[in-house]
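Undergrad: For the record, in the sequence shown the residue sitting at position 237 is 248 according to the working numbering, with numbers rising by one throughout.
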Amino acid sequence: LIGNYGVPTEEEFDENKLIKNFESNNKIWISGLIVGEHCDTPSHWRLKYKLSEWMEKHGVAGISGIDTRALTKNIRENGTVLGKIIQQPSGPFLGLEFKDQNERNLVAEVSTKKIVTYNEKGTPRICAVDCGLKMNQIRCFLKRGARVDVVPWDHKINSKDYDGLFLSNGPGDPVMCQKTVENIQQVLKSSAIKPIFGICLGHQLLSTAIGCKTYKMKYGNRGHNLPALHHATKRCFMTSQNHGFA
Numbered sequence: 012l013i014g015n016y017g018v019p020t021e022e023e024f025d026e027n028k029l030i031k032n033f034e035s036n037n038k039i040w041i042s043g044l045i046v047g048e049h050c051d052t053p054s055h056w057r058l059k060y061k062l063s064e065w066m067e068k069h070g071v072a073g074i075s076g077i078d079t080r081a082l083t084k085n086i087r088e089n090g091t092v093l094g095k096i097i098q099q100p101s102g103p104f105l106g107l108e109f110k111d112q113n114e115r116n117l118v119a120e121v122s123t124k125k126i127v128t129y130n131e132k133g134t135p136r137i138c139a140v141d142c143g144l145k146m147n148q149i150r151c152f153l154k155r156g157a158r159v160d161v162v163p164w165d166h167k168i169n170s171k172d173y174d175g176l177f178l179s180n181g182p183g184d185p186v187m188c189q190k191t192v193e194n195i196q197q198v199l200k201s202s203a204i205k206p207i208f209g210i211c212l213g214h215q216l217l218s219t220a221i222g223c224k225t226y227k228m229k230y231g232n233r234g235h236n237l238p239a240l241h242h243a244t245k246r247c248f249m250t251s252q253n254h255g256f257a
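#1: Under 8 Å between the Cβ atoms of MET249 and ASN236?
#2: May I ask which residues mark the beginning and end of the alpha helix (DSSP H) holding VAL71?
#3: Between the region 138-147 and the region 69-80, can you find at least three pairs of beta-carbon atoms closer than 8 Å?
#4: With distances taken from CA atoms, which of GLY94, ARG136, LYS59 and CYS247 is nearest LEU4?
#5: Mapping the DSSP letters down to three states, classify VAL121 as helix, strand or coil.
#6: Output the residue ranges of the beta strand (DSSP E) runs that lie fully inside the region 212-250 and measure 3 residues or longer, sorted by chain position.
#7: For the region 144-164 against the region 106-113, do three or more pairs of beta-carbon atoms, one drawn from each stretch, fall closer than 8 Å, so that the two count as touching?
#8: Pair every Cβ in the region 79-99 with every Cβ in the region 22-41, then say whether three or more of these pairs are closer than 8 Å.
#9: With LEU153 as the anchor, note down where its alpha helix (DSSP H) starts and where it stops.
#10: Quick check: the Cα distance between VAL71 and ALA239, rounded to an integer number of angstroms?
#11: For ALA139, is the classification buried or exposed, using 16 other Cβ atoms within 10 angstroms of its Cβ as the cut-off for buried?
#12: Return the CA-CA distance between TRP164 and GLY47, expressed in angstroms with no decimal places.
#13: Does the Cβ-Cβ distance between GLY209 and LYS227 come in under 8 Å?
#14: Given ILE207, which residues of its chain have a CB within under 6 Å of its CB, disregarding the five upstream and five downstream residues?
#15: So what does DSSP say about GLN257, is it helix, strand or coil?
#16: According to the neighbour-count rule (16 or more other Cβ atoms, all chains shown, within 10 Å of its Cβ), is GLN189 buried or exposed?
#17: Could you pull the DSSP bridge partners for PHE177 from this structure?
#18: Can you name, in chain order, every residue of its own chain whose Cβ lies under 6 Å from the Cβ of GLN215, other than the five neighbours on each side?
#19: Which one or two residues does DSSP pair with ARG80 in a beta bridge?
#20: So if DSSP puts THR128 in a beta bridge, which residue, or which two residues, is it bridged to?
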């Protein structure tokens, strides 16, 4: 059951002018939503929109009444597939064209278009390369007193401008972010040695910068409780993952 508590207002911001309740600034990034059951009578004291109203506002299509377990099993057995939501009850489905979104530079689509600074007088100074970062990642730095400069995905990085470099998560194929990789390589060649932290796509870009190769997984790792083994200590950690490339 999806949508049972609706969607809150998009006009509520915290003390750092970061939008509350959402992962990004007032935007739905998915192209479509498929659910088993949709709730059209949500209830929550902070509700402003039904899920369907919010999606309609942003021009996003959705469909319910789908056996999502069977769909998930199909993807798990056969790998990620292309699909469309169309208004046609039965076939034949002639003339349909499918385009792989990973052939687009999705990072360029979601990244900030300008440099944005938070907590200007804070320290240390973090340069956050926005490949599709979440608002809470910025909050985590700000709660520790840091200054955060959020820069576009293809911003030329100067190690003199920060104390630590953060490479964010993001969508799509790492191969499409060649400009980011080249910028990271220039940082690695610099005589100034400063901390670099990559998360998800960010660590794939960092790995690519030192010569590693990425590949598309069959169906990706998606979940909040995936085990990961630390080989040095043999300790197992429970991790949250959502990626289709490795």
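Think of the CB as a built atom: it goes at the ideal place given N, C-alpha and C, for glycine as much as any other residue.
TA: This is what the structure gives:
#1: Taking the first residue of the sequence shown as position 1, residue 249 is located at position 238. Taking the first residue of the sequence shown as position 1, residue 236 is located at position 225. In this structure, ASN236 lies closer than 8 Å to MET249 by Cβ.
#2: In the sequence shown, counting from the first residue as 1, residue 71 sits at position 60. Run containing VAL71: none; DSSP gives neither H nor E here.
#3: Three or more beta-carbon pairs separated by less than 8 Å are not found between the region 69-80 and the region 138-147, which leaves the two stretches without contact.
#4: Since the displayed the chain opens at 12 and closes at 257, residue 4 lies outside it and no answer follows.
#5: As a working mapping, residue 121 is identified with position 110 in the sequence shown. Collapsing the DSSP output to three states places VAL121 in a helix.
#6: List check, beta strand (DSSP E) in window: 227-241.
#7: Cβ pair count under 8 Å is below three, so no.
#8: The region 79-99 makes no contact with the region 22-41, as fewer than three CB pairs between them are under 8 Å.
#9: Along the sequence shown, read from residue 1 onward, the residue named residue 153 stands at position 142. Segment 146-153, the alpha helix (DSSP H) holding LEU153.
#10: Mapped onto the sequence shown, residue 71 falls at position 60. Mapped onto the sequence shown, residue 239 falls at position 228. Going by the C-alpha atoms only, they are around 35 Å apart.
#11: Counting from 1 along the sequence shown, the entry for residue 139 is found at position 128. Classification for ALA139: buried.
#12: Translated into positions along the sequence shown, residue 164 becomes position 153. Translated into positions along the sequence shown, residue 47 becomes position 36. If you take the alpha carbons of TRP164 and GLY47, they lie about 36 Å apart.
#13: As a working mapping, residue 209 is identified with position 198 in the sequence shown. As a working mapping, residue 227 is identified with position 216 in the sequence shown. No. Outside cutoff.
#14: Within the sequence shown, residue 207 is the residue found at index 196, counting from 1. If we look at ILE207 and ignore the five residues flanking it on each side, its Cβ neighbours are LEU176.
#15: Position 246 of the sequence shown, counted from the start, is the residue given in the question as residue 257. Correcting the residue identity first, residue 257 is Ala in this sequence and not Gln. Coil at ALA257, not helix or strand.
#16: Numbered from 1 along the sequence shown, position 178 holds the residue referred to as residue 189. Exposed: under 16 other Cβ atoms inside 10 Å.
#17: Numbered from its first residue, the sequence shown carries residue 177 at position 166. ALA139 and PHE208.
#18: The residue you call residue 215 lines up with position 204 of the sequence shown. Excluding sequence neighbours, GLN215 sits near PRO185 and THR225.
#19: Walking along the sequence shown from the start, residue 80 turns up at place 69. The secondary-structure analysis by DSSP pairs ARG80 with nothing; it has no beta-bridge partner.
#20: As a first step, residue 128 must be located in the sequence shown, where it is residue number 117. DSSP, once it has assigned bridges, lists ASP160 as partnering THR128.
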